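> Those sequence lines, one after another, are chains A and B. In this text, residue positions in the first sequence follow the numbering used here: the first is 2, and each later residue adds one. In this text, residue positions in the second sequence follow the numbering used here: the first is 459, and each later residue adds one. Beta carbons: idealized from backbone N, C-alpha and C, even for Gly. Note that the structure is predicted; figures quoted are calculated from it, not measured. Here you go, one structure.
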Amino acid sequence: MNKITKAFENKKVFIAFITGGDPDIETSEKLIIAMAEAGVDIIEIGIPFSDPVAEGLVIQQADERALKNGCTVDKLFAMVKRVREKVEIPLLFMGYINPIFVYGKERFMEKCRECGIAGVIVPDLPYEERDELSDVCAEYGITQISMVAPTSDNRAERIAKEAEGFIYCVSSLGVTGMRGEINTNIGEMIARIKSISPTPCAIGFGISTPEQAKEMAAISDGVIIGSAIVKLIAENGRECVAPVKDFVARIADAIN
Amino acid sequence: MNTDRGRFGKYGGQYVPETLMNNLHELEKAYHHYANDADFQHELKGLLTNYAGRPSLLYYAEKMTKDLGGAKIYLKREDLNHTGSHKINNVLGQVMLAKKMGKTRVIAETGAGQHGVATATAATLMGLECEIFMGKEDTERQALNVFRMELLGAKVNSVTSGTQTLKDAVNETMREWVSRVSDTHYVLGSVMGPHPFPLIVRDFQKIIGTEIKEQILNAEGKLPDAVIACIGGGSNAIGAFYEFINDSAVRLIGCEAAGLGTDTPNNAATMATGSVGIFHGMKSYFCQDEYGQIAPVHSISAGLDYPGVGPEHAHLKDINRAEYIPVTDAEAVSAFEYLSRTEGIIPAIESAHAVACARKIAKTMEQNQVIVINLSGRGDKDVAAIARYKGVDIDE
């Protein structure tokens, strides 16, 4: 079974996101180790991009900090390789298509395999453009995660049928970021996808508290939290490891 | 040209978040429906004639021709359109389409402010709510256009992310669209972005070239030897070129912004200095670094200050059907002054890039040859900025 899907066996899964290299590579490395210790099941490492069109302000600023501090894909590969020796859980890259395309799709996926990245999430690569990466992902055994949005309607079925790893269910309209309330009919969307595909469903976008996480985990197979963690990193800089570890431990507790 | 799945050769595509996909499909479907709908086309033609002032003139620039001493030069006067540029052609079509689709609100990015002004104008005319996103740096160098948009009832949002110019305005408009997609149409201002925008905008702009062909055949009894247009995203250029793509003897020349020079990092000459990438929904050429980070670009012209180019132009470059040449800030400013003084026509600083190119090539051509310059906009908006560039202390 796919290593990512396996993480969903017999439990609700907590997927945590950080922007790689924010505030610097060393801190990212410590964060990944600390979050794995605190009970996070899968970690998404964001590849910082100059123009993250799907992100809200919190992650936009994280990308800016990381790039300003000299983060590159090569440095992230080296970091993942080091951290892999200490961390067992699946690690994913979340990144826009351009940095992958310009690096060389083949070369990128080869390096992913080499350093132990299990999958990629590319927010600006919808179903119609999946082929841009699908062959090369398959060749190197990298899982390409699919996203379903509240506006997907009739598309959800097609997307779910071909999905691997897990299905990233976008909770609400808009960009990433914390929301007081998630008021789209996410439960109905999950139920529909579940009737089509056995691939686990995780909900992301807007989740920031243990209460929200618990509520979302109850209607799905797991939750994805990004901006709330990145905000803690922004507030605490290099001292962020302890507060982030504490926060993710509370989320992990709340959902299972 | 093959536009299956929005491709021009290998360029184009739909590289956007899943949230927008159904909306793009809906737009494509509506567009194809209304493109063949006689009532829609009749209504649009009425607006173009009676509101925008089409057809725009094709003016023989006799003094410029004599002064340069080579090819005969004609100016396609898109600057005389209502709102002062070619942008109105696309905007009237798209806002009408949005209204037919039941949208009640339009949003748009703008660089120089011309597309924002045109969108605000059409929205007011057709009774739709309008919000414009404009980089903070551009709101400063084009302050008059900000007030103009507000006067027309639009809300103008100053974008403070990134380089605070056109690219960031597009980012922010896309973010806004993802947040509020059901009642809102994004009136994209150029032949860029995800399919079907490059197709829709080109179709609404191709009237420029259609008119040029008819007018030049009347005036000269033959096709032009060259059609020259400035190019940022590429809407006025594709508008002028499209009718001539199959007339292989007609040189098609796009003038991109070289800023301080293509040998410096301070340029926006995507074709000359960029490489293939995927950004803003499309595969095309972009100014970027070795890691695919989009480069901060520079041009004196806010409308050309963009790190990418429309996918159809990328294709026309690859198949060698169109030429793309860089024009510097200094050459553009010189052409801005030149046209003002020779013909009494103040061009937009964007269009001045095309004038600069014509100044160079006209004298290398025979007197029986013909150049058409697409004068895409008027220069009133640029007067204060050019004065400042020349060191004149002036308030708008």
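#1: I need the straight-line Cα distance from residue 814 of chain B to residue 796 of chain B, nearest angstrom please.
#2: Along the region 558-569 of chain B, where does the CB come closer than 9 Å to a CB of chain A? Name the residues.
#3: Within 8 Å of any Cβ in chain B, is that where the Cβ of residue 174 of chain A sits?
#4: Let's see if you can read the secondary structure: which residues bound the alpha helix (DSSP H) around residue 522 of chain B?
#5: Any idea if residue 850 of chain B is buried or exposed, counting beta-carbon neighbours within 10 angstroms, 16 or more meaning buried?
#6: Could you tell me the boundaries of the alpha helix (DSSP H) in which residue 36 of chain A lies?
#7: Can you tell me the Cα-Cα spacing of residue 659 of chain B and residue 648 of chain B, whole angstroms?
#8: Going by Cα to Cα distance, which pick from B:760, B:711, B:570, B:665 is closest to residue 550 of chain B?
#9: Thinking C-beta only, is residue 128 of chain A closer than 8 Å to residue 98 of chain A?
#10: Please give the ranges of any beta strand (DSSP E) in the region 97-137 of chain A, keeping only runs that are unbroken, at least 3 residues long and fully inside the region.
#11: Using a Cβ cut-off of 8 Å, pull out every chain B residue sitting near residue 148 of chain A, in sequence order please.
#12: On the three-state DSSP scale, how would you describe residue 671 of chain B?
#13: Consider the Cβ of residue 61 of chain A: report whether some Cβ of chain B lies at a distance smaller than 8 Å.
#14: Pick out whichever of A:246, A:158, A:228, A:208 has its Cα sitting closest to the Cα of residue 197 of chain A.
#15: Can you give the beta carbon distance from residue 555 of chain B to residue 612 of chain B, rounded, assuming they're within the 8 Å contact cut?
#16: For residue 684 of chain B, is the classification buried or exposed, using 16 other Cβ atoms within 10 angstroms of its Cβ as the cut-off for buried?
#17: Since residue 104 of chain A meets chain B, which of its residues come closer than 8 Å, beta carbon to beta carbon?
#18: Name, please, each residue of chain B whose Cβ falls closer than 7 Å to the Cβ of residue 124 of chain A.
#19: From residue 690 of chain B to residue 766 of chain B, what distance separates their C-alpha atoms?
#20: So, at 6 Å on beta carbons, what are the nonlocal neighbours of residue 591 of chain B in its own chain, with the 5 sequence-adjacent residues on each side left out?
#21: Quick one, which residues of the region 134-164 of chain A are near chain B if we go by CB-CB under 9 Å, in chain order?
#22: Using beta carbons (cut-off 8 Å, strictly below), is residue 460 of chain B in contact with chain A?
#23: Just how far apart, CA to CA, sit residue 645 of chain B and residue 624 of chain B?
#24: Show which residues of chain A have a CB atom less than 7 Å away from the CB atom of residue 736 of chain B.
#25: Starting from residue 833 of chain B, trace the alpha helix (DSSP H) in both directions and tell me its first and last residue.
#26: I'd like the span of the beta strand (DSSP E) that includes residue 472 of chain B, first residue to last.
#27: Taking residue 480 of chain B and residue 154 of chain A to be in contact with their CB atoms under 8 Å, please state how far apart those CB atoms are, rounded to whole angstroms.
#28: Given this structure, state the Cα-to-Cα distance separating residue 822 of chain B from residue 472 of chain B, to the nearest angstrom.
#29: Taking 8 Å as the threshold, find out whether the region 159-179 of chain A comes into contact with the region 22-31 of chain A through three or more Cβ pairs.
#30: Return the CA-CA distance between residue 256 of chain A and residue 216 of chain A, expressed in angstroms with no decimal places.
#31: Where do the ends of the beta strand (DSSP E) carrying residue 737 of chain B lie?
So, from the data block:
#1: Rounded to the nearest angstrom, the two C-alpha atoms are 9 Å apart.
#2: none
#3: yes
#4: 520-526 is the extent of the alpha helix (DSSP H) around residue 522 of chain B.
#5: exposed
#6: 26-38
#7: 6 Å
#8: B:665
#9: No. Outside cutoff.
#10: 120-122
#11: 475, 476
#12: helix
#13: yes
#14: A:158
#15: Going by Cβ atoms, the distance from residue 555 of chain B to residue 612 of chain B rounds to 19 Å, so no, they are not a contact pair.
#16: buried
#17: 749, 750
#18: 475
#19: Between residue 690 of chain B and residue 766 of chain B, the C-alpha separation is close to 7 Å.
#20: Scanning its chain for C-beta atoms nearer than 6 Å, with the 5 sequence neighbours on each side dropped, one finds around residue 591 of chain B the residues 567, 615, 617, 627, 630, 631, in chain order.
#21: 147, 148, 149, 150, 151, 152, 153, 154, 155, 156, 160
#22: Confidence at residue 460 of chain B is low in this model, with a pLDDT of 38, below 50, so its placement is unreliable and the value that follows should be read with caution. No, because no Cβ of chain A sits closer than 8 Å to the Cβ of residue 460 of chain B.
#23: 14 Å
#24: 98, 99, 102
#25: Where residue 833 of chain B is concerned, there is no enclosing alpha helix (DSSP H), although the beta strand (DSSP E) it sits in stretches over 828-833.
#26: 469-473
#27: Confirmed, about 6 Å.
#28: 42 Å
#29: The region 159-179 of chain A vs the region 22-31 of chain A: no contact.
#30: 8 Å
#31: Residue range 733-737 is occupied by the beta strand (DSSP E) that includes residue 737 of chain B.
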